[in-house]
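Encoded as structure tokens, the structure appears first; notes follow it.
Protein chains in written order, with this note's numbering: chain A, 1 to 330; chain B, 1001 to 1067.
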């Protein structure tokens, strides 16, 4: 039993790496095309919510193939899931920009990446028909692989969403206002935890929508995707109002200028703020962005991208982006 | 003055964590059904998975947010 469990877990890093390389050009491509900061954040959240839908689609495709023991209605319901997801996804797509037509490709790629273990799982699960219903430790390898991917993806999703929101918070509020207001933002986060737990409890008592066969019900996944889309809508409005210069409207403004504008508004003695401005901007860019570090990293990245040919350009691009992210740490 | 960005941030945090806590029971169920003795390996896998991907996403976010 233990040996059978270790096989999908050992195969999992390769699959999650594959999934990573499929799912992330999506996010980076959309983010690099977005016109403004809060718009980029909204697009990131939309990608995350659509990735939940893609994961649920993959899980249900896997369940439809492997979980035939629960009667004929469940596979029929399972056949409706792509329709449902497409119907939910299309208004989201049409609300976006034309460059969002890239989205179904990544979406389908995620679906294929999560659903393809199902084909390998047919042969494994056809012999032991009731294996999924008997106990926790008797999962087919495909089921175990999908679960591992789901586990990894949910952990990563929380990390990315919360950290990017805090980064945006630090960008929107001045340091003085941050001291006053971040506690309230934390209270909002706690309220969200409470509401999410209550909603999860309520949905656990709700009738199962498309679940069974070991796959979870679709309702929490759909609700979670909807909440992430709402979070994206809220993040699109997450900017300082009534300030023409620094409120995130100018996409070409460097960050230090924006920060100096915020300082200038907060502290009324503008001359001091202006005279301190280069030091502040230098400190901010040294702390957050790093003035020369990313440039060197970026040149290495360019060289790497030029080095990878036409076929390996996507891989080189992804590797370059990852290296660039590591250069941004200091 | 700062009420509108505050309410927007409040709503964003609230709905993000509500969405995460909707998924959390499913994630834990998946982890338990994989076997509790596999949970340490799963979390190690989370770290190995998150390190390159977080760097990638922060790089692309950085390109948009702060340039």
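Think of the CB as a built atom: it goes at the ideal place given N, C-alpha and C, for glycine as much as any other residue.
In whole angstroms, what is the alpha-carbon distance linking residue i and residue j?
i	j	result
residue 193 of chain A	residue 1014 of chain B	7 Å
residue 148 of chain A	residue 1042 of chain B	7 Å
residue 41 of chain A	residue 319 of chain A	22 Å
residue 168 of chain A	residue 1046 of chain B	24 Å
residue 1052 of chain B	residue 203 of chain A	34 Å
residue 163 of chain A	residue 143 of chain A	30 Å
residue 327 of chain A	residue 1054 of chain B	12 Å
residue 1048 of chain B	residue 174 of chain A	34 Å
residue 93 of chain A	residue 223 of chain A	Residue placement at residue 93 of chain A is poorly supported in this model, since its pLDDT is 35, which falls under 50; the coordinates are not used for a value here.
residue 1010 of chain B	residue 140 of chain A	42 Å
residue 50 of chain A	residue 1028 of chain B	21 Å
residue 189 of chain A	residue 1044 of chain B	26 Å
residue 1033 of chain B	residue 1050 of chain B	22 Å
residue 1079 of chain B	residue 322 of chain A	This structure does not reach residue 1079 of chain B, given that chain B is present from 1001 up to 1067, and the question cannot be answered.
residue 1012 of chain B	residue 195 of chain A	13 Å
residue 1058 of chain B	residue 325 of chain A	6 Å
residue 1005 of chain B	residue 43 of chain A	18 Å
residue 155 of chain A	residue 1024 of chain B	9 Å
residue 153 of chain A	residue 314 of chain A	22 Å
residue 197 of chain A	residue 312 of chain A	44 Å
residue 1030 of chain B	residue 178 of chain A	38 Å
residue 1017 of chain B	residue 159 of chain A	11 Å
Only counting the same chain, and skipping five residues up and downstream in sequence, which positions put a Cβ closer than 8 Å to that of residue i?
i	result
residue 45 of chain A	161, 228, 229, 231, 232 and 235
residue 200 of chain A	220
residue 272 of chain A	At residue 272 of chain A the pLDDT is 40, less than 50, meaning the model places this residue with poor confidence; the figure from the coordinates comes in the next sentence. Once the five neighbours on either side are set aside, residue 272 of chain A has no close Cβ partner at all.
residue 183 of chain A	none
residue 1040 of chain B	none
List the residues of chain B that residue i touches, going by C-beta distances under 9 Å, in chain order.
i	result
residue 183 of chain A	By Cβ distance, chain B contributes nothing, its closest Cβ being about 11 Å from residue 183 of chain A, past 9 Å.
residue 220 of chain A	1022, 1023, 1025 and 1026
residue 197 of chain A	1018, 1021, 1022, 1024 and 1025
residue 178 of chain A	In chain order: nothing, as chain B lies at least about 11 Å away.
Within the same chain, show all residues whose beta-carbon is closer than 7 Å to that of residue i, passing over the 5 residues directly before and after it, in chain order.
i	result
residue 185 of chain A	169
residue 181 of chain A	173
residue 1019 of chain B	none
residue 1060 of chain B	none
Show which residues of chain B have a CB atom less than 7 Å away from the CB atom of residue i.
i	result
residue 321 of chain A	1056, 1059 and 1060
residue 141 of chain A	Chain B residues near residue 141 of chain A: none, gap ~11 Å exceeds 7 Å.
residue 324 of chain A	1059
residue 152 of chain A	1045, 1046 and 1049
residue 53 of chain A	Per Cβ cutoff of 7 Å: no residues; residue 53 of chain A is ~12 Å from chain B at best.
residue 169 of chain A	1009
residue 313 of chain A	None at all; the shortest Cβ gap to chain B is about 16 Å.
residue 202 of chain A	Simply none; closest approach about 10 Å.
residue 206 of chain A	Those do not exist, as residue 206 of chain A stays about 12 Å from chain B at its closest Cβ, beyond 7 Å.
Going along chain B, which residues have a C-beta under 8 Å from residue i?
i	result
residue 159 of chain A	1050 and 1054
residue 147 of chain A	1030, 1031, 1033 and 1034
residue 50 of chain A	Those do not exist, as residue 50 of chain A stays about 13 Å from chain B at its closest Cβ, beyond 8 Å.
residue 316 of chain A	Result: empty, since nearest Cβ-Cβ is about 13 Å, beyond 8 Å.
residue 144 of chain A	1034
Who are the near neighbours of residue i in its chain, counting only those whose CB is closer than 6 Å to its CB and skipping five residues on each side?
i	result
residue 295 of chain A	In this prediction, residue 295 of chain A scores a pLDDT of 47, lower than 50, which makes its location untrustworthy; no coordinate-derived value is stated.
residue 157 of chain A	48
residue 1036 of chain B	none
Using a cut-off of 8 Å between C-beta atoms, extract the partners of residue i located in chain A.
i	result
residue 1040 of chain B	Neighbours of residue 1040 of chain B on chain A: none; closest Cβ ~11 Å, over 8 Å.
Would you verify that the beta carbon of residue i is, or is not, closer than 8 Å to some beta carbon of chain C?
i	result
residue 41 of chain A	Of the chains in the structure shown, none is chain C; the protein chains are A and B.
Q) Just by C-beta distance, which residues in the stretch 1021-1036 of chain B are closer than 8 Å to chain A? A) Answer in chain order: 1021, 1022, 1023, 1024, 1025, 1026, 1027, 1029, 1030, 1031, 1032, 1033, 1034 and 1035.
Q: Determine which residues of the stretch 227-239 of chain A have a Cβ less than 9 Å from any Cβ of chain B, and write them out in chain order.
A: Among the residues of the stretch 227-239 of chain A, those with a Cβ less than 9 Å away from any Cβ of chain B are 227, 228, 229, 230, 231, 232, 233, 234, 235, 236, 237, 238 and 239, in the order of the chain.
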